[in-house]
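Trainee: Mind looking over this structure? Questions follow.
2 protein chains.
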Amino acid sequence: MTAAPPRVSSPLGLHRVLAPVGVLPQAAWQLDARPDLWPDEVRVGVQRLNLDAASFRQLRSEHPESAAMRSAVLSIVAERGKMQNPVTGSGGMLTGVVEEVGPDSPLGLRPGDQVATLVSLSLTPLVISDGLTRWDGRSEQVPCDGHAILFGRSIAARLPADLAGPLALAVLDVCGAPALTYRVVSDSPSSKPVVAIIGASGKSGSLSAAAARQAGAGRVIGVVPVEAEAAIMRAASADEGPGGLVDEIVVADARDPVGLAAAVAAAGGPADVTVVCVDVPGCEGGAILATVQGGTVVFFSMATSFTAAALGAEGVAADVTMLVGNGYVPGHAQLALDLMRSHPGVRGIFQRRIDESEGLE
Amino acid sequence: MTAAPPRVSSPLGLHRVLAPVGVLPQAAWQLDARPDLWPDEVRVGVQRLNLDAASFRQLRSEHPESAAMRSAVLSIVAERGKMQNPVTGSGGMLTGVVEEVGPDSPLGLRPGDQVATLVSLSLTPLVISDGLTRWDGRSEQVPCDGHAILFGRSIAARLPADLAGPLALAVLDVCGAPALTYRVVSDSPSSKPVVAIIGASGKSGSLSAAAARQAGAGRVIGVVPVEAEAAIMRAASADEGPGGLVDEIVVADARDPVGLAAAVAAAGGPADVTVVCVDVPGCEGGAILATVQGGTVVFFSMATSFTAAALGAEGVAADVTMLVGNGYVPGHAQLALDLMRSHPGVRGIFQRRIDESEGLE
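Those protein sequences? They're chains A and B, same order as listed. Per the working numbering: the first sequence = residues 11 to 371. Per the working numbering: the second sequence = residues 11 to 371.
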C-alpha cells in the first residue's frame with residue numbers, strides 16, 4: 011500500500027501521509043511515523059500525552075478497564091501512526107524533549123528544549139515504545155515513552171521555566187480559546203460588550219473570561235451547570251481580588267435553550283459575545299438564544315454540531331455570527347501564559363483541575 | 011397530557027409546544043396546530059409542501075407505494091402537529107396564502123399574500139385537511155390543503171409576481187448564502203478582496219458569486235469539480251455579458267486540499283474570502299489552505315465537520331476566521347431575488363437545475 015517515500019518534504023507534512031494519498035495529515039487514516047527526519051522536521055522524545063477531553067471520555071466509556079484502555083490507545087497509535095480517536099476525530103497534545111532538529115526546520119528549536127506541541131495529536135506522527143505501562147487509563151494525562159515528529163508548519167511552545175509542567179501544559183492545551191475570545195471581544199462593535207462564557211469554571215472557560223475582561227468587556231457573565239461549580243467560581247473571583255474574575259455567576263443548563271437565555275438575560279444579557287466552552291452536545295440553541303441580534307457566538311466545544319448551529323440560528327431568525335473556534339491565533343501561547351500569571355483566580359481553577367485529575371490517577 | 015394553554019404567546023412559538031414541555035418547537039415531539047391565533051401569529055392556507063431532500067429520500071425508501079407514502083406523511087403531521095421526519099429530523103418549507111394576521115404580528119403580512127415560509131417545516135404547526143389526494147408520493151413537491159401557523163419570530167417571504175413559482179422557491183431555498191457572502195465580502199479588510207466560491211455552478215454557489223461581485227470583490231474565482239460544470243459556468247458567464255459571472259473558472263477537487271489551494275493560487279489567489287457551497291464531506295482543509303492568513307472561510311455545506319474545520323486550521327497554523335453559514339441574514343430573500351433578476355447567468359443556472367429536476371419526475 012505504501013508508495014515510495016516522496017523525495018521532498020512539505021511543511022504541511024504531506025510527505026508523511028500513507029493513506030489516503032493526497033489528504034492532509036489531520037484527515038489521513040494513516041501516517042508514516044518513522045524516526046528519520048526530513049530536512050525541515052523536528053523529532054521530539056515524548057514524555058506525556060494529554061488526550062483531549064472528548065476523546066478521553068469516549069474511550070473511557072467504551073473501555074472502563076485500565077488494561078482495555080491501554081490497549082485501545084496502543085492499537086490506535088500502532089495502526090494509524092498518530093493518536094486520533096476514530097470516533098471523535100480529536101487528539102490532544104504532547105510534551106517532551108527535542109531530540110533532533112533538521113537543518114531546514116523553521117521552528118527555532120534546539121535539542122534538549124522542553125516543549126509542548128500546539129498542533130493536535132490528530133496530525134502528529136507518533137510512536138509509543140513503552141506499552142503505556144505507567145498509565146492506569148484513568149487520566150487524560152498519559153505518561154509514556156516514544157517519539158513524535160513536527161513538520162515545518164507545526165507549532166510548538168517551549169515550556170516556561172516559572173510554571174510547573176502540568177500547569178503550563180494545561181494552559182497551552184486550551185490557549186486558542188482565550189486568544190480568539192480576546193480578538194472577538196476587542197473587535198466587538200459594542201464599546202462595552204457583554205460577554206457570556208458558557209462553562210466558565212473550566213480551563214478554557216476561565217481563561218476566556220480573563221481574556222474577555224482584558225479585551226474590554228463591559229460585563230462578563232460566567233455560566234456554570236451546577237451549584238458546586240458556582241462555588242468554584244466564587245472562590246476564583248475572591249482570589250482575583252477587586253472586580254473578580256466575572257461580574258455575574260449564573261447556574262443554568264446549557265442544553266436548555268430557553269432557560270439559558272433567560273438566565274443570561276437576568277444577569278445583564280443578552281450577550282454581545284457568547285463563548286461556548288462546555289464539551290457536551292446540544293448547547294448550540296441556548297448559545298444562539300442567549301446572544302443579541304448582531305452578536306457573535308464562538309464555539310470552542312468539540313461537541314458542537316455544525317448543522318445544529320446552522321439550522322438552529324435560522325429556526326429562530328437569529329442574526330448572529332457563529333465562529334468555529336480555531337485553535338490557532340498568532341501569539342496564543344504567550345497570551346494564555348500571561349493571563350495565567352496575572353490572574354490568581356484562573357490559576358486557582360487550573361490548580362484545582364490538575365489536583366483533581368491527579369487524584370483520579 | 012396537554013396542560014392548559016399558556017395565556018401569553020412567545021415569538022419563538024414556545025406556547026405551541028405540547029411535548030416535551032420547555033423545548034423549542036424544532037426540538038419538540040408535538041406541537042399544538044389548532045387554527046385559532048395568538049395575537050402575534052399568522053395563519054397561512056397551505057397550497058404546497060416542499061419536503062427537504064433528505065426527508066423525502068428516507069420516506070420514499072421506506073414507503074415505495076404511493077398510498078403508503080401518503081399515509082406516512084399524514085400520520086406524521088397528525089401525530090406531531092408538524093411535518094418533521096422522525097428519522098432525519100428535517101422538514102422543508104411550504105407555500106400558501108395568508109388567511110389571517112394577528113393584531114400584534116410583526117411580520118408585515120396581509121390576508122391574501124402569496125408566501126413561502128423561510129423557517130423549517132420541522133418547527134411549523136401544520137394541519138393537512140385534504141388527505142393528500144392530489145399527491146402521488148413521487149415528488150418532494152406535495153400539493154395539499156390545510157393550514158400552518160407562523161410565530162412572531164418566524165420568517166416568510168412574499169412570492170414575487172414576476173418570477174415563476176419553482177424559480178422563486180429555488181432562490182428562497184438558498185437565500186442565506188448570498189446574503190452572508192455579501193456581508194463578509196463587504197466587511198473584508200482588503201479593499202478589492204479575492205473571493206473563491208467552491209461549488210460555483212450550483213444554486214447557492216452562483217448566487218454567492220453574484221453577491222461577491224456586487225459587494226465589491228476585486229476578483230471572483232469559481233471552483234467546479236469537473237469540466238462539464240466548467241462549461242455550465244462559461245455559458246453563465248457569457249449570459250452575463252461584459253465581466254461575466256466570475257473572473258476565473260477553475261476545475262479542482264475540493265476534497266484535495268493541496269490541489270485546491272494550488273488551483274486557487276494559480277487563478278489569482280489565495281482568497282481573502284472562501285465560500286464553501288458543495289455538499290460533499292472533506293472540503294474543510296482545502297478551503298482553509300486556499301485562504302490567505304487573516305482571511306475568512308464561510309461554510310454553507312451541511313456536510314461540514316466542525317472538528318475537521320477547527321482542528322484542520324490549527325493543524326496548519328492557519329489564522330483564518332471560519333464562519334458557520336447561518337441561513338438567516340436580515341433581507342436575505344430580497345437580496346437573493348434581486349440578484350436573480352439582475353444576473354441572467356445566475357438565472358440560467360437555476361433554470362437548468364429546475365429543468366433537470368422536473369425531468370426526474
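For every residue, glycine included, the Cβ atom is placed at its ideal position computed from N, Cα and C. Note that this is a predicted model, so its numbers are computed, not measured.
According to DSSP, simplified to helix, strand and coil, what is F316 of chain A?
Mentor: Your numbering for residue 316 of chain A matches position 306 in the first sequence. Helix at F316 of chain A.
Trainee: Near T191 of chain B, what residues of its chain come up, given a Cβ to Cβ distance below 6 angstroms and the 5 sequence neighbours on each side ignored?
Mentor: The residue given as residue 191 of chain B occupies position 181 in the second sequence. Within the same chain, T191 of chain B has close Cβ partners S218, A221, A222 and V285.
Trainee: Nearest to V326 of chain A by alpha carbon, out of B:A187, B:D329, B:S315 and B:Y338?
Mentor: As a working mapping, residue 326 of chain A is identified with position 316 in the first sequence. Residue B:Y338 is the option with its Cα nearest to V326 of chain A.
Trainee: Less than 7 angstroms between the C-beta atoms of L35 of chain A and V27 of chain A, yes or no?
Mentor: Residue numbering aside, residue 35 of chain A sits at position 25 when the first sequence is read from its first letter. Residue numbering aside, residue 27 of chain A sits at position 17 when the first sequence is read from its first letter. Looking at the sequence itself, residue 35 of chain A is Pro, so the reference to Leu does not match. Their beta carbons are under 7 angstroms apart, which means P35 of chain A touches V27 of chain A by this criterion.
Trainee: With a threshold of 7 angstroms between beta-carbons, can D42 of chain B be considered close to chain A, or not?
Mentor: Translated into the one-based positions of the second sequence, residue 42 of chain B becomes position 32. No, because no Cβ of chain A sits closer than 7 angstroms to the Cβ of D42 of chain B.
Trainee: Can you give the beta carbon distance from V125 of chain B to T105 of chain B, rounded, assuming they're within the 8 angstroms contact cut?
Mentor: Here the question's residue 125 of chain B lines up with position 115 in the second sequence. Here the question's residue 105 of chain B lines up with position 95 in the second sequence. Between T105 of chain B and V125 of chain B the Cβ distance is about 7 angstroms, and since that is below 8 angstroms, they are a contact.
Trainee: Taking Cβ positions only, does S65 of chain B come closer than 7 angstroms to chain A?
Mentor: Your numbering for residue 65 of chain B matches position 55 in the second sequence. No, because no Cβ of chain A sits closer than 7 angstroms to the Cβ of S65 of chain B.
Trainee: Under 7 angstroms, Cβ to Cβ, is there at least one residue of chain A near N60 of chain B?
Mentor: Looking up residue 60 of chain B in the second sequence gives position 50. Not an interface residue.
Trainee: Could you tell me how far apart the beta carbons of P188 of chain A and A346 of chain A are, in whole angstroms, since I believe they sit closer than 8 angstroms?
Mentor: The residue labelled residue 188 of chain A in the question sits at position 178 within the first sequence. The residue labelled residue 346 of chain A in the question sits at position 336 within the first sequence. Rounded, the Cβ-Cβ distance is 5 angstroms, consistent with contact.
Trainee: Over what stretch of residues does the beta strand (DSSP E) that includes F309 of chain B continue unbroken?
Mentor: Position 299 of the second sequence, counted from the start, is the residue given in the question as residue 309 of chain B. Segment T301 to F309, the beta strand (DSSP E) holding F309 of chain B.
Trainee: Can you name the residues that DSSP bridges to I207 of chain A?
Mentor: Looking up residue 207 of chain A in the first sequence gives position 197. Beta-bridge pairing links I207 of chain A to A:G232 and A:V285.
Trainee: Using DSSP bridges, identify the partner residues of M243 of chain A.
Mentor: The sequence position of residue 243 of chain A within the first sequence is 233, counting from 1. Answer is none; M243 of chain A lacks a bridge partner.
Trainee: Can you tell which of A:A241, A:M350, A:A37 and A:I207 has its C-alpha closest to the C-alpha of P96 of chain A?
Mentor: By 1-based counting over the first sequence, the position of residue 96 of chain A is 86. Checked all of A:A241, A:M350, A:A37 and A:I207; the closest Cα to P96 of chain A is A:A37.
Trainee: Tell me which residues share the same chain as G156 of chain A and place their Cβ nearer than 6 angstroms to its Cβ, disregarding the 5 neighbours each side in the sequence.
Mentor: Taking the first sequence and counting its residues from 1, one reaches residue 156 of chain A at position 146. For G156 of chain A, where only same-chain residues beyond five positions count, the Cβ hits under 6 angstroms are V56, V137, I138 and S139.
Trainee: Mind checking which residues open and close the alpha helix (DSSP H) that includes D155 of chain A?
Mentor: Stepping through the first sequence from its first residue, residue 155 of chain A is reached at position 145. First-last for D155 of chain A: Q151 to L160, but that is the beta strand (DSSP E), not the alpha helix (DSSP H).
Trainee: Where does G305 of chain B land, buried or exposed, given buried means 16+ other C-beta within 10 angstroms?
Mentor: Counting from one through the second sequence, the residue named residue 305 of chain B turns up at place 295. Counting Cβ neighbours within 10 Å, G305 of chain B comes out buried, since at least 16 surround it.
Trainee: Quick check on the burial criterion: 16 or more other C-beta atoms within 10 angstroms. Buried or exposed for P135 of chain B?
Mentor: Taking the second sequence and counting its residues from 1, the one referred to as residue 135 of chain B is at position 125. Result: buried.
Trainee: Nearest-angstrom Cα distance between A319 of chain B and V234 of chain A?
Mentor: By one-based count along the second sequence, residue 319 of chain B stands at place 309. By one-based count along the first sequence, residue 234 of chain A stands at place 224. Distance between the alpha carbons of A319 of chain B and V234 of chain A: 27 angstroms.
Trainee: Return yes when the Cβ of A264 of chain A is within less than 7 angstroms of the Cβ of V236 of chain A, no when it is not.
Mentor: For the purposes of this step, residue 236 of chain A is identified with residue 226 of the first sequence, where counting begins at 1. For the purposes of this step, residue 264 of chain A is identified with residue 254 of the first sequence, where counting begins at 1. Cβ distance not < 7 angstroms, so V236 of chain A and A264 of chain A don't count as in contact.
Trainee: Does any C-beta atom of chain B lie closer than 7 angstroms to the C-beta of R163 of chain A?
Mentor: Taking the first residue of the first sequence as 1, we reach residue 163 of chain A at position 153. It does; some Cβ of chain B falls within 7 angstroms.
Trainee: Can you tell me whether P203 of chain B is buried or exposed? The criterion is at least 16 other CB atoms within 10 Å of its CB, across all chains shown.
Mentor: Here residue 203 of chain B refers to the residue found at position 193 when the second sequence is read from its first residue. By the neighbour-count rule (16 or more Cβ atoms within 10 Å), P203 of chain B is buried.
Trainee: Count the other CB atoms within 10 Å of the CB of P267 of chain B; is the residue buried (16 or more) or exposed (fewer)?
Mentor: Residue mapping note: residue 267 of chain B aligns to position 257 of the second sequence, counting from 1. By the neighbour-count rule (16 or more Cβ atoms within 10 Å), P267 of chain B is buried.
Trainee: To the nearest angstrom, how far is the alpha carbon of G254 of chain A from that of M243 of chain A?
Mentor: Along the first sequence, read from residue 1 onward, the residue named residue 254 of chain A stands at position 244. Along the first sequence, read from residue 1 onward, the residue named residue 243 of chain A stands at position 233. Each residue's Cα considered, the two are about 9 angstroms apart.
Trainee: Buried or exposed for G101 of chain A, please, with buried defined as at least 16 other CB atoms from any protein chain shown within 10 angstroms of its CB.
Mentor: As a working mapping, residue 101 of chain A is identified with position 91 in the first sequence. Buried.
Trainee: Between which two residues does the beta strand (DSSP E) holding L28 of chain A run?
Mentor: For the purposes of this step, residue 28 of chain A is taken as residue 18 along the first sequence, with counting starting at 1. That run of the beta strand (DSSP E) goes V27 to A29.
Trainee: Which partner residues does R168 of chain B have in the DSSP bridge list?
Mentor: By 1-based counting over the second sequence, the position of residue 168 of chain B is 158. Looking at the DSSP assignment, R168 of chain B forms a beta bridge with B:V125.
Trainee: I want to see whether chain B comes within less than 7 angstroms of D329 of chain A, judged by CB atoms only; does it?
Mentor: Locating residue 329 of chain A in the first sequence gives position 319, counting from the first residue. Yes, its Cβ sits closer than 7 angstroms to a Cβ of chain B.
Trainee: On the DSSP letters alone, give me the boundaries of the alpha helix (DSSP H) that L136 of chain A sits inside.
Mentor: If you number the first sequence from 1, residue 136 of chain A lands on position 126. Run containing L136 of chain A: none in the alpha helix (DSSP H); it sits in the beta strand (DSSP E), L136 to I138.
Trainee: Anything in chain B within Cβ reach of Y338 of chain A, meaning under 7 angstroms, just list it in chain order.
Mentor: Here residue 338 of chain A corresponds to residue number 328 of the first sequence, with the count starting at 1. Ordered by position in chain B, the residues that pass the 7 angstroms Cβ test against Y338 of chain A are A323, E324, A327, A328 and D329.
Trainee: Nearest-angstrom Cα distance between L182 of chain A and V230 of chain B?
Mentor: Along the first sequence, read from residue 1 onward, the residue named residue 182 of chain A stands at position 172. Along the second sequence, read from residue 1 onward, the residue named residue 230 of chain B stands at position 220. Spanning the two alpha carbons is a distance of roughly 38 angstroms.
Trainee: Let me see if you follow: with CB-CB separation under 7 angstroms, is G279 of chain A close to chain B or not?
Mentor: As a first step, residue 279 of chain A must be located in the first sequence, where it is residue number 269. Not one chain B Cβ lies under 7 angstroms of G279 of chain A.
Trainee: Exposed or buried, A343 of chain A, counting other C-beta atoms within 10 Å across all chains shown (16 or more means buried)?
Mentor: In the first sequence, the residue the question calls residue 343 of chain A occupies position 333. Answer is buried; the Cβ neighbour count reaches 16.
Trainee: Rounded to whole angstroms, what is the Cα-Cα separation between G292 of chain A and S132 of chain B?
Mentor: Within the first sequence, residue 292 of chain A is the residue found at index 282, counting from 1. Within the second sequence, residue 132 of chain B is the residue found at index 122, counting from 1. Answer to the nearest angstrom: the Cα atoms are 17 angstroms apart.
Trainee: Check whether the segment 266–281 of chain A touches the segment 293–300 of chain A, counting contact only when three or more Cβ pairs, one atom from each stretch, lie closer than 8 angstroms.
Mentor: The segment 266–281 of chain A, when compared against the segment 293–300 of chain A, does touch it at the 8 angstroms Cβ threshold.
Trainee: Can you give me the Cβ contacts of L370 of chain A inside the same chain, cut-off strictly under 6 angstroms, excluding the 5 residues immediately before and after it?
Mentor: Here residue 370 of chain A is taken as the residue at index 360 of the first sequence, counted from 1. With a pLDDT of 44 at L370 of chain A, under the threshold of 50, the modelled position of that residue is not reliable, and the figure given next carries that caveat. Here the set comprises R148 and S149.
Trainee: Just confirm the distance between the C-beta atoms of G232 of chain B and V194 of chain B, as a whole number of angstroms; I'd bet it's less than 8 angstroms.
Mentor: Position 222 of the second sequence holds residue 232 of chain B. Position 184 of the second sequence holds residue 194 of chain B. That pair is no contact at about 17 angstroms.
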